[in-house]
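The listed protein sequences correspond, in order, to chains H and V.
In case it helps, our numbering puts the first sequence at residues -10 to 98.
In case it helps, our numbering puts the second sequence at residues 546 to 710.
We put the beta carbon where it would ideally sit given N, CA and C, even for glycine.
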Amino acid sequence: MSLNAEQLSNDMVAAVKPVLQAHWGRAAPYASAEAQKLAICAVQIEAGYKSGELTAEEAGILRDMQASASRATLTTIETIGLIAAQDAINAALKVLSAAVNKAVGIAIL
Amino acid sequence: MVILQTPFVTALLSTYARRPGTPLAFSFGLLLAGCSVLFVAPYDAIVDQSLTNLYAQTLTFLDRMERTADSYASQRAFYDEAKGTVSAIKVRAALLPKNSGTIKNLDELSGQYDRLAELHRRGPLVGLKAKIARELIDSNFRSLMQLELHKKLGAAVGSADQPQH
């Protein structure tokens, strides 16, 4: 049995799509919700400082905490992108491997 | 990148290298098909569970502080224990290759306990400052737990046991 490049390509894309959709479906609401929450915290810190509810030192510490939380969120979004790419490539390679094994007639890979 | 190249594939490549064209392309396909890539460390259930436990302990502590308004001096042990737990999780996470995202976020979480302690030294953890600090520490935990969820998700896509986080 010979390999059909067009069919193989379609099968590989079909394997990749649900993987990317699954990651994006969870990453997008997370990124959006975190951005919103961090923005609300920034407003609360400034309002609390202006109203006197927070001292300058307390506001400074909370701003540092906000910077840390923002860095962690960005690291997570960046790493999710890597995980999505990794899973998508491996899903495509799995399809390729199955197609080659079928074409050769024995499980060589 | 992990490359699994069987002796059969090696022999095939050597044979077809002398005859360019379709067989060579076929061999290249074989080589590619034997690859899998690793950009990020796999899911680790122990890291995930340890983070969940530390998160629960931290939320319980913050709730208690809001209720009792205890001083930093009387609660110092919590910070020591929390930072110790983060260090232990970091050692575990560092055992896996390509885990820099999780390790960076654990460093950030450790720093948050230092800042929370600093805030506590200046007075009881109550009111607006406690509310904002809690939301920000929540965000650090969510960052770590989202990463674990996505590591776990990779293996589950298309199967019946997709994680329900």
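Item	Value
Going along the chain, which residues of its own chain have a beta-carbon closer than 7 angstroms to the beta-carbon of V585(V), five neighbours each way excluded?	K643, G646, K696
Quick one: does E35(H) have its CB under 8 angstroms from some CB of chain V?	no
Determine which residues of the stretch 664 to 680 of chain V have a Cβ less than 9 angstroms from any Cβ of chain H, and write them out in chain order.	L664, R667, G668, G672, L673, K674, K676, I677, A678, E680
What residues in its chain sit with their C-beta under 8 angstroms from that of D615(V), if we drop five residues either side in the sequence?	R609, P669
Check for me: the alpha helix (DSSP H) holding A621(V) runs from which residue to which?	Note that residue 621(V) is Arg in the sequence shown here, rather than Ala. From DSSP, the alpha helix (DSSP H) with R621(V) extends over 617 to 639.
Return the chain-ordered list of same chain residues with a C-beta closer than 7 angstroms to the C-beta of K635(V), the five sequence neighbours on each side being excluded.	I648, L651
Whole angstroms are fine: how far does the CA of A590(V) sit from the CA of N(-1)(H)?	35 angstroms
Which chain V residues sit within Cβ distance under 7 angstroms of N79(H)?	S581, V582
Give, in chain order, every residue of the stretch 31 to 60 of chain H whose Cβ lies closer than 7 angstroms to some Cβ of chain V.	Q33, I34, G37, E42, L43, E46, E47, I50, L51, D53, M54, Q55, S57, A58, R60
For the stretch 8 to 27 of chain H, list every residue whose C-beta sits within 8 angstroms of some C-beta in chain V, in sequence order.	V8, A11, H12, R15, A16, Y19, E23, K26, L27
Considering only C-alpha positions, which residue in the set I677(V), L694(V), Y658(V) is nearest to Q620(V)?	Y658(V)
Q75(H) CB to nearest chain V CB: under 8 angstroms?	yes
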